[in-house]
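Read the structure below first, then the notes.
Protein chains in written order, with this note's numbering: chain A, 3 to 595; chain B, 1072 to 1457.
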């Protein structure tokens, strides 16, 4: 152990502990900006400088490891002056149009300014010296360099968590900036629109592209019937933006709020998550049969899940030779969209051209997905507007709804029923677990052999998870699978996806089915979720997801009564012709750069 | 304070038999070489002045078997051109110094990081290097040197940014600790030394520690190569004993009308005429990596400062706030003061900013911007305002 003192308080810490971490243990607050718990140390904003007795300069608390006998002071005059200067400098290069900014009151620079830089402005405005333009090219987010304070959280996120590096540091000195490849528009580079950078940007330099006003316009248009779907991971995180602690489930209140906002019908993406399991599970079993029994060499295995649009764009750019391995199933959002303007409109006697379909997603890539040209199976744009969890919170605040005191309300029908299997789509491993619960039962006629249906090997926050399920006691139709060991793998965060993909590419992985989610923790850690995010918050959200599952009466997708009904009334059976037209899609190869 | 007269010395460019020196070094133990360096009092010649013997001692103590000796030949400080001369005339001594350092710290690999603008030297150096490799391998050294080219960024002269650049990354300084002696290039223990330091090391082995330490003062042992430029009738490279005053220097090199000397380049200090006599050139006074720029009364010190700040605004790597934004503020600030668009008292705010940059910037670049700023504004305030 290493002994040191901080503000005259003694503390012993493990070797390698930073001064910042040691101070936190003593409940001494040292302000930070470029530091983020999910990312490597940068030490470049210098907001966290502290005084080390005997040192020539101040030291960055986030980057300085504790050493024996160290004597640290976090609040000396020297520290305060330097810190104030650093914050004033950042403000001088930051376009401070705070009252108009989307991040107003949710901006880390603003909070620091509030504490350290009130009063007269010391330094000259530098924003006017640069020729800034907002990059609005991505359907998912905006990049406004005039608000960028070069903390490089986004750069580290894109590199360390997502293995993409769509953005990197370019130029030096006064011209240093966070740039895309060749400074091209974000829509024209290898960016998956995952929004993890947006989720970690401390200012308004990276924000989602909002469609709040368009949604309000639709709601107030008497000619329009506006349906809204809510993704599984929204209900366990929305509360964070409305004063709740991470991990509190607010499903019923959220449904009520959506009704009060004026949506004509409040429906559940979990319904199409269940539908996805029917389609994707069947697809997997068919692929296995063709490959194992028919010896069809054209069948691509392992099969990859296709729910995560960030992952889809990643594989389209980076491993296009594996596109045939992707399940052809659309994501639950897009299945919902296609059905909203066909099945739903028919059932409700609505003119599909008058139906506006809105989705609430934990995700920014969903905005891109909804814009894909393939996503017009209904003859219209299947999903008109995608809002993030954060945007929904903004709408609830705009409407003046007293969220905490709302009663809990159930989803509308049709397309509002769900099972626990649909809910767990929101956590890494959830799609896999839901698929296994159903596929195992289709093949054997019995429940998957795990206590309470909880397939724990596929759960948890490990970056790459593997499991093997031995299939025994098959029914007559599936005898060819008797005794087979179904090998599955799960990855979340694209850096982990890349690990799996490079193993698959080297022929070192003999999986049958792989679930990949672009974001850390799966959708619960999506780029559209409340800010901030860190491992602890994601863990709490994950607990909430599984608790939501446990509270459901039905926990297997094939038990969803509305799913059973839609196959009877409309789709026929899984992977039918109608299914293929509406619920399945194809992918495109994209450039490496 | 101890001071010396201006004395010209001829150690660095002295003619020697490199094979003989290296044979001598080969027979010495690691400890003996390090001790010789410690005894000589040699401090790094790049400007920061870290004792060379200590640097080698720390690196030698690391257990990791893969170690590097890196020669910093990214001579980028405005007004220095000594390493160019050394590499053109006595590259064998640079390579020899690296082999000796390699022996001392237990490194088998040496890398010379050569300033991009010096690429023209490479064909000649490669011929010399190949002969050098043959010579040291014949002696018995297990040591090889390769060259890596810089691309013109000033920041890549900062040791950890230099490592990043060698590794093929963007040249940005790292957080320290860990220091290079523990984790340098490719994460391995590394001793990084200036071109001239390595030549001095070679000469210390050639003669002995005492021959070197007889020159200079207690804090600044030995002689040093100076790059003399500006308003002088005799610009060029001069090896001088350390410890002289600026006055003695000006007497030798000035044009009779010297009003200030910038010691140590853009990151160094400006010494005004009234302080010439009391200022010693060396680590006890104003240290320098070799750059000595003389200004006569025809020069505007506003222009001098503007030029330096413009340089730093351009050459800051941009990663840390105090340096990236601070440089822009200092530059824009003096422009506004000059144009009377802000009050002259704004210089006081800027001086406070320079103080903050000195203690809050991440690396030596940002920390030293305040040197030129404060010494010029402090001594020539009226020239900045009017």
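Using N, Cα and C, we set each Cβ at its ideal position, and we do this for glycine too.
With a threshold of 16 other CB atoms inside 10 Å of the CB of residue 1498 of chain B, please say whether the residue is buried or exposed.
-> Look at the range of chain B in this structure, 1072 to 1457, and you will see that residue 1498 of chain B is not part of it.
Helix, strand or coil: how does DSSP classify residue 1140 of chain B here?
-> Taking the first residue of the second chain as position 1, residue 1140 of chain B is located at position 69. Strand at residue 1140 of chain B.
Distance between residue 1123 of chain B and residue 547 of chain A (C-alpha atoms, nearest Å) = Here residue 547 of chain A is taken as the residue at index 545 of the first chain, counted from 1. Here residue 1123 of chain B is taken as the residue at index 52 of the second chain, counted from 1. Computed Cα separation, rounded: 60 Å.
Mind pulling the chain B residues with CB within less than 9 Å of residue 410 of chain A?
-> Here residue 410 of chain A refers to the residue found at position 408 of the first chain. Neighbours of residue 410 of chain A on chain B: none; closest Cβ ~47 Å, over 9 Å.
Say whether chain B places a C-beta atom closer than 8 Å to the C-beta of residue 95 of chain A.
-> The sequence position of residue 95 of chain A within the first chain is 93, counting from 1. Yes, its Cβ sits closer than 8 Å to a Cβ of chain B.
Nearest-angstrom Cα distance between residue 179 of chain A and residue 1393 of chain B?
-> The residue labelled residue 179 of chain A in the question sits at position 177 within the first chain. The residue labelled residue 1393 of chain B in the question sits at position 322 within the second chain. Between residue 179 of chain A and residue 1393 of chain B, the C-alpha separation is close to 16 Å.
With a threshold of 7 Å, establish whether the CB of residue 574 of chain A neighbours any heavy atom of the ligand NAP.
-> You won't find the ligand NAP in this model; it holds no ligand whatsoever.
Should residue 555 of chain A go down as buried or exposed, given a rule of 16 or more other Cβ atoms within 10 Å for buried?
-> As a working note, residue 555 of chain A is residue 553 in the first chain. The residue in question, residue 555 of chain A, is exposed, as its Cβ has fewer than 16 Cβ neighbours within 10 Å.
In the DSSP assignment, find the unbroken beta strand (DSSP E) run with residue 12 of chain A in it and report its ends.
-> Start at 1 with the first residue of the first chain, and residue 12 of chain A comes out as number 10. First-last of the beta strand (DSSP E) with residue 12 of chain A: 11-15.
Test item: CB-CB of residue 244 of chain A and residue 413 of chain A under 8 Å | One-based indexing of the first chain puts residue 244 of chain A at position 242. One-based indexing of the first chain puts residue 413 of chain A at position 411. It is not a contact, given that the beta carbons lie outside the stated cut-off.
Near-chain A residues of the region 1384-1398 of chain B - C-beta to any C-beta below 8 Å | 1384, 1385, 1386, 1387, 1388, 1389, 1390, 1391, 1392, 1393, 1395, 1396, 1397, 1398
Pull up the distance between the alpha-carbon of residue 1101 of chain B and that of residue 1192 of chain B, whole angstroms please.
-> Within the second chain, residue 1101 of chain B is the residue found at index 30, counting from 1. Within the second chain, residue 1192 of chain B is the residue found at index 121, counting from 1. One C-alpha to the other measures close to 32 Å.
Can you find a CB in chain B that lies within less than 8 Å of the CB of residue 145 of chain A?
-> Residue numbering aside, residue 145 of chain A sits at position 143 when the first chain is read from its first letter. By this cut-off, residue 145 of chain A is not an interface position.
Whole angstroms is fine: what's the gap from residue 1418 of chain B's alpha carbon to residue 1450 of chain B's?
-> The residue you call residue 1418 of chain B lines up with position 347 of the second chain. The residue you call residue 1450 of chain B lines up with position 379 of the second chain. Each residue's alpha carbon lies about 13 Å from the other.
Proximal residues to residue 354 of chain A (C-beta, below 8 Å), its chain only, five neighbours per side dropped | Locating residue 354 of chain A in the first chain gives position 352, counting from the first residue. Correct list, in chain order: 343, 344, 347, 380, 381, 382.
Return no unless some Cβ of chain A is closer than 8 Å to the Cβ of residue 1443 of chain B.
-> Position 372 of the second chain, counted from the start, is the residue given in the question as residue 1443 of chain B. For residue 1443 of chain B, the answer is no, since every Cβ of chain A falls outside 8 Å of its Cβ.
Below 8 Å on the Cβ atoms is my guess for residue 491 of chain A versus residue 516 of chain A; work out the distance and round it to an integer in Å.
-> Residue numbering aside, residue 491 of chain A sits at position 489 when the first chain is read from its first letter. Residue numbering aside, residue 516 of chain A sits at position 514 when the first chain is read from its first letter. That pair is a contact at about 5 Å.
If we count Cβ pairs, one from each stretch, closer than 8 Å, do we get three or more for the region 572-592 of chain A versus the region 469-480 of chain A?
-> no
Would you kindly check if the distance between the Cβ of residue 1105 of chain B and the Cβ of residue 1175 of chain B is under 8 Å?
-> Here residue 1175 of chain B is taken as the residue at index 104 of the second chain, counted from 1. Here residue 1105 of chain B is taken as the residue at index 34 of the second chain, counted from 1. Their beta carbons are under 8 Å apart, which means residue 1175 of chain B touches residue 1105 of chain B by this criterion.
Can you give me the start and stop residues for the beta strand (DSSP E) that residue 588 of chain A sits inside?
-> As a working mapping, residue 588 of chain A is identified with position 586 in the first chain. Run containing residue 588 of chain A: none; DSSP gives neither H nor E here.
Limits of the unbroken beta strand (DSSP E) element including residue 96 of chain A = Locating residue 96 of chain A in the first chain gives position 94, counting from the first residue. Looking at the DSSP string, residue 96 of chain A is not in any beta strand (DSSP E), and its letter there is neither H nor E.
Alpha-carbon to alpha-carbon, residue 482 of chain A and residue 361 of chain A = Against the first chain, residue 361 of chain A aligns to sequence position 359. Against the first chain, residue 482 of chain A aligns to sequence position 480. C-alpha separation (whole angstroms): 41 Å.
Are any of the Cβ atoms in chain D nearer than 8 Å to that of residue 1126 of chain B?
-> Of the chains in the structure shown, none is chain D; the protein chains are A and B.
Beta carbon proximity, residue 1431 of chain B to chain A, threshold 8 Å = Here residue 1431 of chain B refers to the residue found at position 360 when the second chain is read from its first residue. At least one chain A Cβ lies under 8 Å of residue 1431 of chain B.
Starting from the beta carbon of residue 1407 of chain B, find every residue of chain A whose beta carbon is closer than 7 Å, and list them in chain order.
-> Here residue 1407 of chain B corresponds to residue number 336 of the second chain, with the count starting at 1. What residue 1407 of chain B touches in chain A: 126.
Is residue 1144 of chain B closer than 8 Å to residue 1125 of chain B when the C-beta atoms are compared?
-> By one-based count along the second chain, residue 1125 of chain B stands at place 54. By one-based count along the second chain, residue 1144 of chain B stands at place 73. It is not a contact, given that the beta carbons lie outside the stated cut-off.
Along chain A, in chain order, which residues have C-beta atoms closer than 9 Å to that of residue 1301 of chain B?
-> Here residue 1301 of chain B corresponds to residue number 230 of the second chain, with the count starting at 1. Simply none; closest approach about 25 Å.
Identify the contact partners of residue 447 of chain A in chain B, using a Cβ-Cβ distance below 9 Å as the criterion.
-> By one-based count along the first chain, residue 447 of chain A stands at place 445. The contacting residues do not exist; residue 447 of chain A stays about 57 Å from chain B at best.
Would you mind telling me which residues of chain B sit closer than 8 Å to residue 88 of chain A, beta carbon to beta carbon, in chain order?
-> Here residue 88 of chain A refers to the residue found at position 86 when the first chain is read from its first residue. Ordered by position in chain B, the residues that pass the 8 Å Cβ test against residue 88 of chain A are 1392, 1393, 1427, 1431.
Where residue 1331 of chain B sits in the DSSP three-state scheme | The count along the second chain starts at 1 and reaches residue 1331 of chain B at position 260. The answer is strand: DSSP assigns residue 1331 of chain B an E or B state.
Beta-carbon separation of residue 591 of chain A and residue 376 of chain A under 8 Å?
-> As a first step, residue 591 of chain A must be located in the first chain, where it is residue number 589. As a first step, residue 376 of chain A must be located in the first chain, where it is residue number 374. No, they are not a contact pair.
Reduced DSSP category for residue 119 of chain A - H, G, I as helix; E, B as strand; rest coil = Walking along the first chain from the start, residue 119 of chain A turns up at place 117. Of the three classes helix, strand and coil, the one that applies to residue 119 of chain A here is coil, per DSSP.
Helix, strand or coil: which one does DSSP assign to residue 103 of chain A?
-> Against the first chain, residue 103 of chain A aligns to sequence position 101. In this structure, residue 103 of chain A counts as coil in the three-state DSSP scheme.
Residue range of the beta strand (DSSP E) that includes residue 1307 of chain B = Position 236 of the second chain holds residue 1307 of chain B. Start and end: 1307-1312.
Would DSSP call residue 332 of chain A helix, strand or coil?
-> By 1-based counting over the first chain, the position of residue 332 of chain A is 330. Three-state DSSP puts residue 332 of chain A in coil, outside helix and strand.
Tell me, which residues are paired with residue 470 of chain A by DSSP?
-> As a first step, residue 470 of chain A is located in the first chain; it is residue number 468 there, counting from the start. DSSP, once it has assigned bridges, lists A:489 as partnering residue 470 of chain A.
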